[in-house]
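Asker:
Numbering (my numbering), first residue to last: 6 to 289.
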């Protein structure tokens, strides 16, 4: 149906639906999960939200402050311009992929697929910026198969069929070291909690890994970002693995990964070098 009637909700629902419809109309090949990811990825908290939920400056917000902000305001209000276009000093990369989280071997359900994405950063342009502060935002969106027989929060692996996480290569980490770390994360979620956290993220792993859409922003120097050229997507536990008798361990899971970088304080063109590299037409 093109139009339906609805009520008992705010005008924000209609505005969000309009934005989603514009994205789908402009990019008809995008999956529903991709449209959902773009709405979150382009969103920012308004000054009113930040003033209400975070302590006043110069006091530094704590993790509990951001937890409350996420609970009441989500990721904020989508920016329609950022939703549809990339500016010359901003760059957005989108990947729509599928993986098989688990497989069965010798009567045991094990982790199967881990995806490594090489990011086509404009390395030379970033290195020229040196110590200039830049931002990288990462969003991953996927849909779970819920287990309606399990209610409550006694076991976090009982309701969602699976979970997906992302991790970015650290500046001083080789590609081989990065792959070894991600393999360990995928095998043992508790191992990730025991390792040193990657610095520079606004929310961090503990806050961003709720639900089935995860978004976070990293801030650091352009030189550091130039050395973070890989991102991994890997599965974590769910009832597809924990309940093998239901034989869901062989199913595929789709996801959308969005990565963007922005140089807020300078007008360096970081879009065109990547567009030329991947063959994206540039409108003149």
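Positions of the beta carbon are idealized from the N, C-alpha and C atoms, including for glycine.
Quick one: Cα of residue 287 to Cα of residue 251, how far?
Answerer: For residue 287, the predicted model reports a pLDDT of 40, less than 50, meaning its position is unreliable; a value from the coordinates is still stated below. Looking at the two C-alpha atoms, the distance is approximately 49 Å.
Asker: By the 10 Å Cβ neighbour count, where 16 or more other Cβ atoms means buried, how is residue 246 classified, buried or exposed?
Answerer: Residue 246 is buried by the Cβ-count criterion.
Asker: Starting from residue 115, trace the beta strand (DSSP E) both ways and give me its first and last residue.
Answerer: Residues 113-116.
Asker: If you drop the 5 nearest sequence neighbours on each side, which residues of the same chain put their C-beta closer than 6 Å to that of residue 249?
Answerer: For residue 249, where only same-chain residues beyond five positions count, the Cβ hits under 6 Å are 114.
Asker: Rounded to the nearest angstrom, what separates residue 90 and residue 275 at their Cα positions?
Answerer: So the alpha carbons of these two residues sit roughly 14 Å apart.
Asker: Quick check on the DSSP output: the beta strand (DSSP E) that includes residue 1 runs from which residue to which?
Answerer: No answer is possible for residue 1: it lies beyond the span of the chain, which begins at 6 and ends at 289.
Asker: Taking the continuous alpha helix (DSSP H) assigned at residue 22, which residues delimit it?
Answerer: Residue 22 -> alpha helix (DSSP H) spans 16-31.
Asker: Would you list, in sequence order, the uninterrupted alpha helix (DSSP H) runs of no fewer than 4 residues that lie entirely inside the stretch 50-89?
Answerer: Runs of the alpha helix (DSSP H) inside the stretch 50-89: 52-58, 68-78 and 85-89.
Asker: For the beta strand (DSSP E) containing residue 101, name the first residue and the last one.
Answerer: 95-104 is the span of the beta strand (DSSP E), which, as asked, contains residue 101.
Asker: Does DSSP classify residue 36 as helix, strand or coil?
Answerer: Residue 36 falls in the coil class under three-state DSSP.
Asker: Give me the Cα-Cα distance between residue 298 and residue 126, rounded to the nearest whole angstrom.
Answerer: Not covered by the structure: residue 298. The range shown for the chain is 6 to 289.
Asker: Hey, how far is the Cα of residue 52 from the Cα of residue 187?
Answerer: Going by the C-alpha atoms only, they are around 37 Å apart.
Asker: Given residue 85, which residues of its chain have a CB within under 7 Å of its CB, disregarding the five upstream and five downstream residues?
Answerer: Contacts found: 24.
Asker: Tell me which residues share the same chain as residue 105 and place their Cβ nearer than 8 Å to its Cβ, disregarding the 5 neighbours each side in the sequence.
Answerer: For residue 105, where only same-chain residues beyond five positions count, the Cβ hits under 8 Å are 117, 118, 255, 256, 257 and 258.
Asker: Just the C-alpha distance for residue 111 and residue 253, rounded to the nearest angstrom, thanks.
Answerer: Approximately 16 Å between the Cα atoms of the pair.
Asker: Using a Cβ-Cβ cut-off of 6 Å (strictly less than) and excluding sequence neighbours within five positions of residue 165, which residues of its own chain qualify?
Answerer: If we look at residue 165 and ignore the five residues flanking it on each side, its Cβ neighbours are 149 and 243.
Asker: Could you have a look at residue 150 and say whether DSSP puts it in helix, strand or coil?
Answerer: Residue 150 falls in the coil class under three-state DSSP.
Asker: Taking C-alpha atoms, which residue in 241, 266, 263 and 269 lies nearest to residue 107?
Answerer: When each option's Cα is compared against that of residue 107, the closest is 241.
Asker: Answer with buried or exposed for residue 271, where buried requires no fewer than 16 other C-beta atoms within 10 angstroms of its C-beta.
Answerer: Exposed is the call here.
Asker: Under 7 Å Cβ to Cβ from residue 35, same chain only, skipping five residues before and after it: list those, please.
Answerer: So the list reads 28 and 29, once near-sequence residues are dropped.
Asker: May I have the straight-line CA-CA distance separating residue 124 from residue 190, to the nearest angstrom?
Answerer: Taking the straight line joining both Cα atoms gives about 21 Å.
Asker: Alpha carbons only, please: which of 277, 238 and 267 is nearest the one belonging to residue 120?
Answerer: Nearest option by C-alpha distance: 238.
Asker: Please report whether the beta-carbon of residue 84 lies at a distance below 7 Å from any beta-carbon of chain C.
Answerer: Absent here is chain C; the protein component of the structure consists of one chain.
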